[in-house]
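Student: Have a look at the structure that comes next, please.
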Amino acid sequence: MNTKLNITTLLEKKAKNLRWLEKETGISYQALWSMKNGKTKAINFDTIGKLLEAFKCKPNDLFIIK
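Mapping to the working numbering: the sequence shown position 1 is 1, numbers consecutive.
Next up, the structure:
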């Protein structure tokens, strides 16, 4: 099973960028870039919560599972 974060699509839907997401979540630009580009191997629940809150979405919108 391959799991990825759907950050690119969610940003496009809101017409926002990583700098906006950095300000909304308090997560560093570098960490967000790594998540967006599939370079992150693990993510904690606090980070997931911040992303869900910023995007105002549900977990199944945030993750792509193949």
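Each residue gets a CB set at the ideal place from its N, CA and C atoms; glycine is no exception.
Determine the DSSP secondary structure at Lys13, reduced to helix, strand or coil.
Tutor: Helix.
Student: Within 10 angstroms of the Cβ of Phe55, are there 16 or more other Cβ atoms? Answer buried if so, exposed if not.
Tutor: It counts as buried.
Student: Would you kindly work out how many angstroms separate the C-alpha atoms of Leu32 and Met1, rounded to a whole number?
Tutor: Each residue's alpha carbon lies about 22 Å from the other.
Student: For Ile27, which option in Asn44, Asn60, Thr3 has the closest C-alpha, if you only look at C-alpha atoms?
Tutor: Measuring from the Cα of Ile27, the nearest candidate turns out to be Asn44.
Student: Could you pull the DSSP bridge partners for Leu5 from this structure?
Tutor: Answer is Phe63.
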